[in-house]
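When you line the first sequence up against our numbering, it's residues 1243 to 1981, in that order.
For every residue, glycine included, the Cβ atom is placed at its ideal position computed from N, Cα and C.
Keep in mind the model is a prediction, meaning the values are calculated, not measured.
Data block below; observations after.
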Amino acid sequence: MPSLVAVELHHWSNSFIAADSKRWTYSSPASTPSLSSPMPNSDEARGEPQSRLALRKGNIKEDIGCKKYNSKVNNSSVSITPSIGARFLRHVSFPPDPHLLPSALKSCPALRLAHALHAAAVVASMSLDPFVTSSLLHTYVRFGAMANARSVLDRMPYKSIMDWSALIAGYAARGDAKESWGLLEQMRSAGVEPNVITWNGLVSGLNRSGHTWDAVLALVKMQVEGFLPDAIGVSCALSAVGDVGDVSFGEQLHGYAVKAGCRLDACVTTALIDMYGKCGRADEIVQVFDESSHMDVSSCNALVTGLSRNAQVSDAVSLFREFVGQGVELNVVSWTSIVACCVQNGRDLEAVDLFREMQSEGIEPNSVTIPCVLPAFANVAALMHGRAAHCFALRKDFLHNIYVGSALVDMYAKCGRVKDARMIFDAMPSRNVVSWNAMIGGYAMHGEAVNAVQLFRSMQRYRHKPDQVTFTCVLSACGQAGLTEEGRRYFNEMQHKHGISPRMEHYACMVTLLGRAGKLDDAYDIINEMPFVPDGCIWGSLLGSCRLHGNVVLAEVAAENLFQLEPENAGNYVLLSNIYASKRMWDGVNRVRDMMKDKGLKKEKGCSWIEIKNKVHMLLAGDTSHPMMTAITEKLKQLTVEMTRLGFAPSTDFVLHDVEEQEKDEILSVHSEKLAVALGLVSTSPGTPLRVIKNLRICGDCHEAMKFISSFEVREISVRDTNRFHHFKDGKCSCGDYW
DNA sequence: GTAGGGTTAG
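Set out below in structure tokens:
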């Protein structure tokens, strides 16, 4: 019977919410008579968009969108009205039965439905039934509606230890440490003795809400008050200690766990590995793992992540392979961990391969996997893979997740689809500094400086605090758009208004910004004022600006510094030589030529920026007469034949998506691209013409294309224009790439 | 008929 209620509720809640969204979203709570005292709620009362309500569904951790979240407790109010209760009762087939309501609440999928059930209970005079109230309280805690939960508890004639504990854990998990401690006291004064579970709930909640020190202190206090922390409390505290990075406290907890006999508990092992990994103790994590008695998948995952954190990427990957070979039942966390490990260490193609392998193993990605793998798609400009991830996220209702949204914005921007990025950005129900940075950076990356600056202003209007990344994007955008004075102002505001000390990249942006505007002396002053030794990017930027404005004196200063920092970089010498040549200072040209000879450096083919630029322009413009185009077209034909032979067909979703984007006349080329990208990722290595194909069609920025060209035409190259500087070696971009 | 604490992936 309860399961039938659950099915009906689920069905009913969907239609109720769909039909009633306007009313729930926009109606003023004050306009409806209140049955009980104002019942606090959140989004409706604030008039926030309905999509935000989706946050309340299901797993709170997942919905808030972060592992350890810190969200404010709701204190606004909405009324539980008799009309809602009555409407609810008219809609369902079951009677308002005190035996059924708890079951209904147990399977309740949305907060507003819980409100309706609450209203129905009040209408049917069951709101004081102990089972009903207890269920209501736990349901409200589940949805994070703490003020609702509190109000229920206050009215409960009998408050059990479970009720108190749930509320305390709920407040702690929502970041309201003060309220949880207060409740603990109230609980005591009400004559209920807290137990280990109450304490553990407090420790766990504080840890999850990011109040890491509070969590550790709670564990200490628990012990002082005579409760012996068990495996659960120790695991939570270890997790908190890892975030704080206090390894000595972690070691004490380790010792305690041994004494208390819970060291070999699987969760303690995992938490210990995690803690040592976060504290940079790579040796300890292996030892703790080796000591554990059985192969626990969580410990395996923690080990992989721990090694990854400590820059032992190859070890992490080979260990993962060993686990696969040993038949360890790896789960979605395991696969996400290894994908994240590769992405974070610049192994994008390996990450993409592992992601595909994960899918072929039948492991479905979740809302953490998607933002982990998206940067890999973004970095190799695999737009179609990115879109597939977008479609998947849409189907799985992950788009409200702030990590998923931000990663999609970043992916679309890096793949040259700035408008798509903006669409995702605008639809995000909530944003954090990462989301803003992704969008502002996306604009800056594609030269849309005005949009970048405008968005930066809106960010401030929304009272979101910019960080150092935001300013890198904004300063770079200002430099590109020639907004010199504005850039200067932001550089000052960054330090004096926002308290952010400029880093190397901010100085590089300023040197570029001033240099480009012809204020070379100011640029030089900035370099001299820097609190650290300028790197090659800084001097390179100045040298580039000197080329632009024909300033030989400063060019010589910049070049001298650059030659010391990068003695083997032929591009620097060539640039100085070009500056001399533009002034017809042939002595200077000869001097540089001699220097290059002495060092055994040659002006390699393809070394000059102009040559590269011309090639990129030809490619991007789709110049079919270019010899490389013939090779690409030929390769594409081969791939298409091969794909057809292997029985691959382009996904309908993609085609429809493209049609919607009014790219009808490009459908054929999009098809080809998909085939090429798909097969390219299956069976080819980086540096094949496939990258050009992708860049050619989908990447508005020539950055990736340059990277590609340099990877197979010359071994080392330094490319600078007035906006950016790139140093390529063996196909890798090693400096000046702040994105 | 309800109900309290668990580690690891972004």
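If you look at M1626, you'll find it in the alpha helix (DSSP H) that goes 1625-1637. M1670 is the residue among M1670, R1664, M1665 whose C-alpha sits nearest the C-alpha of D1639. For F1565, the enclosing alpha helix (DSSP H) begins and ends at 1555-1567. One thing to note: R1758 has its Cβ within 8 Å of the Cβ of G1721. S1819 and W1828 have their C-alpha atoms roughly 9 Å apart. Taking one beta carbon from each stretch, the segment 1768-1784 and the segment 1745-1754 have 3 or more pairs nearer than 8 Å; the two touch. Per the coordinates, the alpha-carbon of A1823 lies some 13 Å from the alpha-carbon of H1791. The criterion of a C-beta distance shorter than 8 Å is not satisfied by V1510 and S1556.
Rounded to the nearest angstrom, the Cβ distance from G1684 to A1655 is 3 Å, consistent with a contact under 8 Å.
The residue among G1689, F1698, H1688, V1692 with its C-alpha nearest the C-alpha of S1677 is F1698.
Residue state for D1764 is assigned as helix, using DSSP reduced to three classes. Distances from the CA of M1429 to each of A1694, R1392, Y1645 were compared; the closest alpha carbon is that of R1392. For D1840, the three-state secondary structure derived from DSSP is helix. For D1456, the enclosing alpha helix (DSSP H) stretches over residues 1454-1466. Secondary structure note for S1367: it is in no alpha helix (DSSP H), with a DSSP letter that is neither H nor E.
Residue environment analysis places Y1704 among the exposed positions, since fewer than 16 neighbouring C-beta atoms fall within 10 angstroms of its C-beta. Contact between D1516 and G1487 does not hold, since their C-beta atoms are separated by about 12 Å, which reaches or exceeds 8 Å. The C-alpha of M1464 is placed about 14 Å away from the C-alpha of A1411.
Spatial neighbours of E1798 in its own chain (CB-CB distance under 8 Å, excluding positions within 5 residues in sequence) are listed in chain order as L1818. Looking only at K1844, Y1815, L1843, the smallest Cα-Cα distance to V1831 is reached by Y1815. Taking 8 Å as the cut-off, the beta carbon of A1362 is found no closer than this to the beta carbon of Y1382.
Per the Cβ contact rule, the segment 1578-1590 is in contact with the segment 1533-1553 (3 or more Cβ pairs under 8 Å).
Assignment of D1709 by DSSP, reduced to helix, strand and coil, places it in the coil class. The continuous alpha helix (DSSP H) containing C1788 extends over residues 1778-1791. In the DSSP assignment, M1827 falls outside any alpha helix (DSSP H) and carries neither an H nor an E. For a cut-off of 8 Å, the C-beta gap from C1542 to V1570 is around 6 Å, short enough to register as a contact. Here G1443 is buried. Its C-beta has 16 or more other C-beta atoms within 10 Å.
Judged by DSSP in its simplified three-state form, R1673 adopts coil rather than helix or strand. Between R1416 and G1386, the C-beta gap is smaller than 8 Å, which places the two residues in contact. Counting the other Cβ atoms within 10 Å of the Cβ of P1436 gives 16 or more, which makes it buried.
Taking C-beta atoms as the reference points, V1374 and L1343 count as a pair closer than 8 Å. Counting along the chain, the unbroken alpha helix (DSSP H) around S1550 starts and ends at 1539-1551. Only residues of its own chain outside the window of five on either side were considered, and among them A1618, N1621, V1622 have a CB closer than 6 Å to the CB of D1590, listed in chain order. In this structure, DSSP gives E1435 a state outside helix and strand, which the three-state scheme calls coil. Per DSSP, reduced to three states, the secondary structure at H1496 is helical.
Counted as a single uninterrupted DSSP element, the alpha helix (DSSP H) harbouring F1373 occupies residues 1372-1384.
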